[in-house]
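Student: Residue numbers (the working numbering), protein chains in the order written: chain A, 1 to 101; chain B, 1001 to 1145; chain C, 2001 to 2146.
Ideal placement from N, C-alpha and C gives every residue a C-beta, glycine not left out.
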Amino acid sequence: MSIETIRSIVGINPQPEVSQVERSLGSASGGGFAETLGGALQKVDQMQLNADAQADKVAMGGGNLHEMSMSLEEADISMRLAMKVRTKLVEAYQEIMRMSV
Amino acid sequence: MKLFDTTLTRLQQSLDVRLVEHNVLAGNIANSDTPGYRPKELDFSQAMAAAQQAADTEMLASTDARHLGPNGEGPAGAGASRATFAATTLVRDGVGNSPSLDGNQVDLDRTMAGLAENSLQYGASARAAGKKLAILRYVVSDGGS
Amino acid sequence: MDFLTALRISGAGLGVERTRVNLATSNLANAETTRTPEGGPYKRLDPVIQAVSFPSELGDAQQLGSPANQAMKAEISAIVADQTPGRRVYSPGHPDADPEGFVVFPNVNPVHEVVNLMSASRSYEANATAIDTLKSMAQRGLDIAR
């Protein structure tokens, strides 16, 4: 019996599926983690700009008080999250650099 | 590098103008029984526009407290911001909408409502400014507070 | 125009209203007083209220713009006695009757005085609310730097 016959009977696919992790590491699309990070930072920046626009509207006399409060809080939270992620990344990098190989 | 953006400046101007408006309203309330008194008023959006313009144009520097301002007006106070000054020049006699026998035209109820709204908007601008500065402070202090 | 100015304006307003209340209560209390140290019946007192623009007590630095742009505070410039003659009642037995037997009573109309009292009380409350509002605004302003 040849291996190909056994394979066709059992149905084992010799090529493992490309997992999501490997995809995000850039093997498939070519962007990957850097792109994701950049996109996330872009969103955080967008929230800050939103909050600014709302605050401007209120300062000029119009605007919506609760909308302004919400967008300010969202900007604050997303900034804090970004800071936490940055801290973790830096820690992870330092951990890796400390490995003795 | 600009650390504090235009929004913060605009919020500060709005706080200044709101304070001038409060003064105007308080003056009307204090004079609600003065015969022949016409209430003063301030147009908020006009005042904001003037405040912005005052911030944009370069004002003449005065090296002495007694120097006259660029338009010939009185000495600009050390404690008054440009926005306050710009808003103050726009305070004018209102038309009054509450005629009475003694000539006083202050509508006390409307004035009180205006006072409440003004105070609310002042608080909103102050809260927004505080929040923006808090975000900045958080980032600068590297995640501490 | 700043917090101090606003405080003074409202404070002056409170003082004016307090004086109005005092005068109204004095008029009410003396509504039947036929004899006064100056002779003659009690004459009701009226305040003369005037709007004044702010004196630059704090020096020229506070004088922003022209007086037309200033918020005005109120003050009582004078208290005048109302000279309209009071009602005359024929009462020959009264100790203050004049030679014809008429007694002149004060020119106080209690209804007027009560209305003045209510109006002054309402304005007093309005000024007090203005001060409260100012305090909360100042607190919010300070909270920016919390």
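Assign B/T1084 to buried or exposed, taking buried as 16 or more other Cβ atoms, counted over all protein chains shown, within 10 Å of its Cβ.
Tutor: The count along the second sequence starts at 1 and reaches residue 1084 of chain B at position 84. Buried, because 16 or more other Cβ atoms sit within 10 Å of the Cβ of B/T1084.
Student: For B/K1132, count the other beta carbons within 10 Å of its own beta carbon; 16 or more makes it buried, fewer makes it exposed. Which is it?
Tutor: Here the question's residue 1132 of chain B lines up with position 132 in the second sequence. Result: buried.
Student: Between the segment 33-63 of chain A and chain B, which residues of the former have a C-beta closer than 9 Å to a C-beta of the latter?
Tutor: Within the segment 33-63 of chain A, Q48, A51, D52, A53, Q54, A55, D56, V58, A59, M60, G61, G62 and G63 place their CB atoms closer than 9 Å to a CB of chain B, listed in sequence order.
Student: Can you find the residues in the same chain that come closer than 8 Å, C-beta to C-beta, to C/V2048, ignoring five residues on each side of it along the sequence?
Tutor: Along the third sequence, one-based indexing puts residue 2048 of chain C at 48. Only I2076, S2077, A2078, I2079 and V2080 meet the Cβ criterion.
Student: Mind checking the segment 76-93 of chain A against chain B and listing, in chain order, the residues whose C-beta falls within less than 8 Å of any C-beta there?
Tutor: D76, M79, R80, M83, K84 and T87
Student: Starting from C/P2047, follow the beta strand (DSSP E) in both directions and report where the run begins and ends.
Tutor: Taking the first residue of the third sequence as 1, we reach residue 2047 of chain C at position 47. From DSSP, the beta strand (DSSP E) with C/P2047 extends over L2045 to S2053.
Student: Checking 8 Å against the spacing of the C-beta atoms, do B/G1036 and B/N1104 come in under that value?
Tutor: What you label residue 1036 of chain B is simply residue 36 of the second sequence in a count that begins at 1. What you label residue 1104 of chain B is simply residue 104 of the second sequence in a count that begins at 1. A distance below 8 Å separates the beta carbons of B/G1036 and B/N1104.
Student: For B/M1048, return the contacting residues in chain A, with the cut-off set at a CB-CB distance below 9 Å.
Tutor: The residue labelled residue 1048 of chain B in the question sits at position 48 within the second sequence. Within 9 Å Cβ-Cβ: A59, M60 and G61.
Student: With 8 Å as the C-beta to C-beta threshold (strictly closer), list the residues of the segment 1007-1025 of chain B near chain A in chain order.
Tutor: T1007, R1010, L1011, Q1013 and S1014
Student: Taking the runs of the beta strand (DSSP E) that are 3 residues or longer, which of them lie wholly in the segment 2094-2135 of chain C?
Tutor: The qualifying runs are 2102-2104.
Student: Can you pull the chain B residues whose beta carbon is under 9 Å from the beta carbon of A/M68, in chain order?
Tutor: Residue 68 of chain A sits at position 68 when you count from the first residue of the first sequence. Here the neighbours are A1124, R1127 and A1128.
Student: Have a look at C/T2025 and C/E2113 and give me their C-alpha separation to the nearest angstrom.
Tutor: On the third sequence, residue 2025 of chain C is found 25 positions in, with the first residue counted as 1. On the third sequence, residue 2113 of chain C is found 113 positions in, with the first residue counted as 1. Whole-angstrom Cα-Cα distance: 8 Å.
Student: Where do the N-terminal and C-terminal ends of the beta strand (DSSP E) with B/Y1037 fall, by residue?
Tutor: On the second sequence, position 37 is the one that residue 1037 of chain B refers to. Per DSSP, B/Y1037 belongs to no beta strand (DSSP E) and is neither H nor E.
Student: What residues in the segment 2094-2127 of chain C have a beta carbon less than 8 Å from any beta carbon of chain B?
Tutor: S2119, A2120, R2122, S2123, A2126 and N2127
Student: Whether or not the segment 1036-1046 of chain B and the segment 1010-1021 of chain B are in contact is what I'm after, with contact meaning three or more pairs of Cβ atoms, one per stretch, closer than 8 Å; do they touch?
Tutor: yes
Student: Based on Cα-Cα distance, which residue from B/L1101, B/A1050 and B/L1136 lies nearest to B/L1003?
Tutor: Stepping through the second sequence from its first residue, residue 1003 of chain B is reached at position 3. The residue with the shortest Cα to Cα distance from B/L1003 is B/L1136.
Student: Using CA atoms only, rank isn't needed, just tell me which of B/N1031, B/A1030 and B/R1082 is closest to B/A1054.
Tutor: Taking the first residue of the second sequence as 1, we reach residue 1054 of chain B at position 54. Nearest of B/N1031, B/A1030 and B/R1082 to B/A1054, Cα basis: B/R1082.
Student: What residues of chain C sit near B/Y1037, judged by a beta carbon separation below 7 Å?
Tutor: Looking up residue 1037 of chain B in the second sequence gives position 37. Within chain C, the C-beta atoms nearer than 7 Å to that of B/Y1037 come from A2051, in chain order.
Student: Can you give me the Cβ contacts of B/V1140 inside the same chain, cut-off strictly under 6 Å, excluding the 5 residues immediately before and after it?
Tutor: As a position in the second sequence, residue 1140 of chain B is number 140, starting the count at 1. Closer than 6 Å at the Cβ level, and outside the excluded window around B/V1140, lies no residue.
Student: Check whether the Cβ of C/T2129 lies closer than 8 Å to any Cβ atom in chain B.
Tutor: Looking up residue 2129 of chain C in the third sequence gives position 129. Yes, contact with chain B.
Student: Helix, strand or coil: how does DSSP classify A/I96 here?
Tutor: If you number the first sequence from 1, residue 96 of chain A lands on position 96. The answer is helix: DSSP assigns A/I96 an H, G or I state.
Student: Return the CA-CA distance between C/V2111 and C/L2117, expressed in angstroms with no decimal places.
Tutor: Here residue 2111 of chain C refers to the residue found at position 111 when the third sequence is read from its first residue. Here residue 2117 of chain C refers to the residue found at position 117 when the third sequence is read from its first residue. Straight-line Cα distance between these residues: approximately 10 Å.
Student: Does B/L1108 get closer than 8 Å to chain C when you measure Cβ to Cβ?
Tutor: Stepping through the second sequence from its first residue, residue 1108 of chain B is reached at position 108. Taking Cβ atoms only, chain C reaches closer than 8 Å to B/L1108, which makes this a yes.
Student: Could you work out which residue in C/K2073, C/V2103 and C/Y2090 is closest to B/R1038 when comparing CA atoms only?
Tutor: Against the second sequence, residue 1038 of chain B aligns to sequence position 38. Nearest C-alpha to B/R1038: C/K2073.
Student: Can you pull the chain B residues whose beta carbon is under 9 Å from the beta carbon of C/A2081, in chain order?
Tutor: Here residue 2081 of chain C refers to the residue found at position 81 when the third sequence is read from its first residue. Within chain B, no residue comes near C/A2081; the closest Cβ sits about 18 Å away, beyond 9 Å.
Student: At least one CB of chain B closer than 8 Å to the CB of C/I2009: is that the case?
Tutor: On the third sequence, residue 2009 of chain C is found 9 positions in, with the first residue counted as 1. True, the Cβ-Cβ gap to chain B drops below 8 Å.
Student: Note down the Cα distance separating B/S1119 from C/R2035, rounded to an integer number of angstroms.
Tutor: Indexing the second sequence from 1 puts residue 1119 of chain B at position 119. Indexing the third sequence from 1 puts residue 2035 of chain C at position 35. Near 52 Å, if we compare the C-alpha coordinates of C/R2035 and B/S1119.
Student: Among C/A2130, C/R2140, C/D2132 and C/F2105, whose alpha-carbon lies nearest the alpha-carbon of C/T2033?
Tutor: In the third sequence, counting from the first residue as 1, residue 2033 of chain C sits at position 33. Answer by Cα proximity: C/F2105.
Student: Apart from the five residues on each side of it in sequence, which residues of its chain come closer than 7 Å, Cβ to Cβ, to A/E67?
Tutor: By 1-based counting over the first sequence, the position of residue 67 of chain A is 67. Result list for A/E67: Q54, in chain order.
Student: Can you find a C-beta in chain B that's less than 8 Å from the C-beta of A/S27?
Tutor: Against the first sequence, residue 27 of chain A aligns to sequence position 27. Reliability of the predicted coordinates at A/S27 is poor, the pLDDT of 47 falling under 50, and no value is obtained from them.
Student: Could you pull out every residue in the same chain whose Cβ sits closer than 7 Å to the Cβ of C/V2052, ignoring the five residues on either side in sequence?
Tutor: The residue you call residue 2052 of chain C lines up with position 52 of the third sequence. Once the five neighbours on either side are set aside, the close Cβ partners of C/V2052 are M2072, K2073 and E2075.
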